[in-house]
Each structure stands twice: as structure tokens, then as C-alpha cells.
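Residue numbers (the UniProt record's numbering): 1 to 261. Quick reminder that beta carbons are idealized off the backbone N, C-alpha and C, glycines included. Report on the following structure.
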Amino acid sequence: MTAPTPAEIYKRAESEGERRLFMRPLEQVSTGFIAGVTIVFGIVALAMAEELIAPVFGAGPGKLAGALAFGTGLVFLVIGRSELFSENFFDPVATAIERRESSVWWRLGRLWLIVLLLNLVGGAVMASIFTIDGALPSGAHDALAGVAEDITAKSGWATFARALAAGTLLTLLSYLLRAVDTAGSRITLAYMVGFFLALGPFDHVVVSAVHLLFGIWLGGAIDYGDVGTNIALATAGNLVGGVLLMTLTHTVQARESRPSD
Numbered sequence: 001m002t003a004p005t006p007a008e009i010y011k012r013a014e015s016e017g018e019r020r021l022f023m024r025p026l027e028q029v030s031t032g033f034i035a036g037v038t039i040v041f042g043i044v045a046l047a048m049a050e051e052l053i054a055p056v057f058g059a060g061p062g063k064l065a066g067a068l069a070f071g072t073g074l075v076f077l078v079i080g081r082s083e084l085f086s087e088n089f090f091d092p093v094a095t096a097i098e099r100r101e102s103s104v105w106w107r108l109g110r111l112w113l114i115v116l117l118l119n120l121v122g123g124a125v126m127a128s129i130f131t132i133d134g135a136l137p138s139g140a141h142d143a144l145a146g147v148a149e150d151i152t153a154k155s156g157w158a159t160f161a162r163a164l165a166a167g168t169l170l171t172l173l174s175y176l177l178r179a180v181d182t183a184g185s186r187i188t189l190a191y192m193v194g195f196f197l198a199l200g201p202f203d204h205v206v207v208s209a210v211h212l213l214f215g216i217w218l219g220g221a222i223d224y225g226d227v228g229t230n231i232a233l234a235t236a237g238n239l240v241g242g243v244l245l246m247t248l249t250h251t252v253q254a255r256e257s258r259p260s261d
């Protein structure tokens, strides 16, 4: 099989974007909530792997093991067809650009808002379950609190830059998923991107917010103001990276690759 051209990939993205934009509101709500719940499994896998490896082999190998474990969370999202904020930058934006209708842009804004809010709600619900004493192996709670404190220790500009990288990376994943046709390829791509996202670590608004909620509920030196600040900076960075750096540049590439009339 030959690889699809940029124009063919973009056409597939338009079709998927059409589906997402015209889902019923309750389907969007449930899809966003499921994604928030699902990504928490990647977060706790990271903490458990780090807690097991770091005491024996050191902090560096522990963080590497955590990143390797986190990749499974993104696989669950992609194969389960749930929707994490920034995953829905490329496809729906491609549709909105091609249709050029104000009503479609309104639908896009509604989709982003619903998915982001329900990602955060689902993540908070699942995180609250894992904060119960004994729900995770001994030491995992300390690892989760440590990750949260590392996130808040970064400057605002660093958070924005890392969020920009995360938005670019996850939107690249959306693009690459339209270039493959098998479940195995989708699993491989999702896992690779999840690993790289956690290895940074780069600030995806939902992942970082859930990390910070863990930090608060597990007694870390974090407050809800830190969560709000991170959400604002990470959302802005995710949008700039995902829409401007990745989606719009691929739009130009796809249009220029189309055969001339």
C-alpha cells in the first residue's frame, strides 16, 4: 500500500471532523467525560511505574519508566474513540475551514468547550477515586504529589512553551492517525506520542490539571489557584501549538498538493 498524499489525509480529516462537529450534545458530553476518566489510568500508571523503579534505579530511570507507562493511556483514548481536548483541533478545524460557514465555527467552539469541561470533570471524578487510601500501591501517592509540585515549580513562560509543544504534538497525532488504516498502526502512533508527552513532560491542559488536583488532594504544596493558572496557560499554549503551528500549516500543505484544475 502506498502512503496517502497530504490532500488525501486532509480529506479524511474533513470527514472525521464532520462527524465530531455534528454529534449530538449528549454524545459530545459522554465522549468528553469518558476521555477524562480514561486518561487518569495513564496518569496513575506513570506514578506506579515511577514509584517502583525510582527507589531501585534512581530518579532518571524512574521518570523514563513512568513515561513508558503513561503511553498506554493515550492508546486507550485513541482505540476507544473518546475525545481529549486538543485531539479535536485538526479534524474539526479542517472541516470548518472547508465549509466556510459561521454556524460551523460556532459548533467548533461549542465542541471545544464541552470536551474541555467534561474532560476535566471526568478526570476529577476518577482522580478522587484513586486518592482513597489503599486504592493505589504504597508510594504511588507520593509520586503523584511530586509530579504535581514539579508542574507548579515551572515559570509561566515555561508552562506556556510546554503547552505549545503538547498542543502541537497531539495535533500531529490527529494528522498521522488519518494517514494509517490499521488498529496496530493507530496503537503504535498513540503510544509513541503518549510516551513523548510524558517524557517532556509537556503541559496538556487536562493531564496537567488532573495532576494538580492529585497534588492538592494528596497534601502537596499546591492550591486551586495553581490549577486555574495552569489551565489558562496550558489552554492558550495548546491552542497556539495545535491550531496555528500544526493544523493551519497542514491546511496549506494539503491545498498546495491538490492537482491543478
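Does the beta-carbon of residue 217 have 16 or more other beta-carbons within 10 angstroms, so that it is buried, or is it exposed?
For the purposes of this step, residue 217 is taken as the residue at position 217 of the sequence shown. By the Cβ neighbour-count rule, residue 217 is buried, with 16 or more other Cβ atoms within 10 Å of its own.
From what residue to what residue does the alpha helix (DSSP H) around residue 265 run?
Any answer about residue 265 is impossible in this case: the structure gives the chain only from 1 up to 261.
The alpha helix (DSSP H) enclosing residue 187, as first and last residue numbers:
Indexing the sequence shown from 1 puts residue 187 at position 187. The continuous alpha helix (DSSP H) containing residue 187 extends over residues 183-199.
Minimum C-alpha distance to residue 219 - residue among 95, 75, 41, 144:
Within the sequence shown, residue 219 is the residue found at index 219, counting from 1. Of 95, 75, 41, 144, the residue nearest in Cα terms is 144.
For the alpha helix (DSSP H) containing residue 11, list its first residue and its last residue.
As a first step, residue 11 must be located in the sequence shown, where it is residue number 11. Segment 6-21, the alpha helix (DSSP H) holding residue 11.
Under 8 Å by Cβ, that's how I've got residue 241 and residue 168 pegged, so tell me the actual separation to the nearest angstrom.
Position 241 of the sequence shown, counted from the first residue, corresponds to residue 241. Position 168 of the sequence shown, counted from the first residue, corresponds to residue 168. The beta-carbon distance between residue 241 and residue 168, rounded to whole angstroms, is 4 Å. This is short enough to meet the 8 Å contact definition.
Excluding the five sequence neighbours on either side, which residues of its own chain have a C-beta within less than 6 Å of the C-beta of residue 96, listed in chain order?
Taking the first residue of the sequence shown as 1, we reach residue 96 at position 96. The answer, listed in chain order, is 104, 105, 108.
Report yes if the C-beta distance between residue 258 and residue 7 is below 9 Å; otherwise report no.
What you label residue 258 is simply residue 258 of the sequence shown in a count that begins at 1. What you label residue 7 is simply residue 7 of the sequence shown in a count that begins at 1. Taking 9 Å as the Cβ cut-off, residue 258 and residue 7 qualify as a contacting pair.
Helix, strand or coil: how does DSSP classify residue 239 here?
The sequence position of residue 239 within the sequence shown is 239, counting from 1. Helix, per DSSP.
In angstroms with no decimal places, state the Cα-to-Cα distance between residue 249 and residue 84.
As a position in the sequence shown, residue 249 is number 249, starting the count at 1. As a position in the sequence shown, residue 84 is number 84, starting the count at 1. Going by the C-alpha atoms only, they are around 22 Å apart.
Report the CB separation of residue 38 from residue 77 in whole angstroms; it is logged as a contact under 8 Å.
Position 38 of the sequence shown, counted from the start, is the residue given in the question as residue 38. Position 77 of the sequence shown, counted from the start, is the residue given in the question as residue 77. Here residue 38 really is in contact with residue 77; their C-beta atoms are around 5 Å apart, less than 8 Å.
Give the range of the alpha helix (DSSP H) segment to which residue 97 is assigned.
The sequence position of residue 97 within the sequence shown is 97, counting from 1. Counting along the chain, the alpha helix (DSSP H) containing residue 97 begins and ends at 90-99.
Segment contact, 8 Å Cβ cut-off, at least three pairs: the region 152-168 with the region 227-246
Yes, the region 152-168 is in contact with the region 227-246.
Taking only three categories from DSSP, how would you classify residue 55?
Reading the sequence shown from its first residue, position 55 is the one you call residue 55. Helix.
Please classify residue 133: is it buried, with 16 or more other beta-carbons within 10 angstroms of its beta-carbon, or exposed?
As a first step, residue 133 is located in the sequence shown; it is residue number 133 there, counting from the start. Within a 10 Å sphere around the beta-carbon of residue 133 sit fewer than 16 other beta-carbons, which makes this residue exposed.
How close, in whole Å, do the beta carbons of residue 36 and residue 123 come, if the pair is a contact with beta carbons under 8 Å?
In the sequence shown, residue 36 corresponds to position 36, counting from 1. In the sequence shown, residue 123 corresponds to position 123, counting from 1. The Cβ separation is near 4 Å, so the contact holds.
Cut-off 7 Å between Cβ atoms - residues of its own chain near residue 141, not counting five sequence neighbours on either side:
Position 141 of the sequence shown holds residue 141. Closer than 7 Å at the Cβ level, and outside the excluded window around residue 141, lie 218.
Who are the near neighbours of residue 4 in its chain, counting only those whose CB is closer than 6 Å to its CB and skipping five residues on each side?
As a working mapping, residue 4 is identified with position 4 in the sequence shown. 179, listed in sequence order.
Going by CA-CA distance only, name the one from 255, 256, 251 that's closest to residue 288.
Missing from the structure shown is residue 288; the chain here goes from 1 to 261 and no further.
Excluding five sequence neighbours on each side, which residues of the same chain lie with their C-beta closer than 6 Å to the C-beta of residue 49?
The residue labelled residue 49 in the question sits at position 49 within the sequence shown. Here the set comprises 65, 66, 69.
In the DSSP assignment, the alpha helix (DSSP H) including residue 135 goes from what residue to what residue?
Position 135 of the sequence shown, counted from the first residue, corresponds to residue 135. Per DSSP, residue 135 is not a residue of any alpha helix (DSSP H), being assigned neither H nor E.
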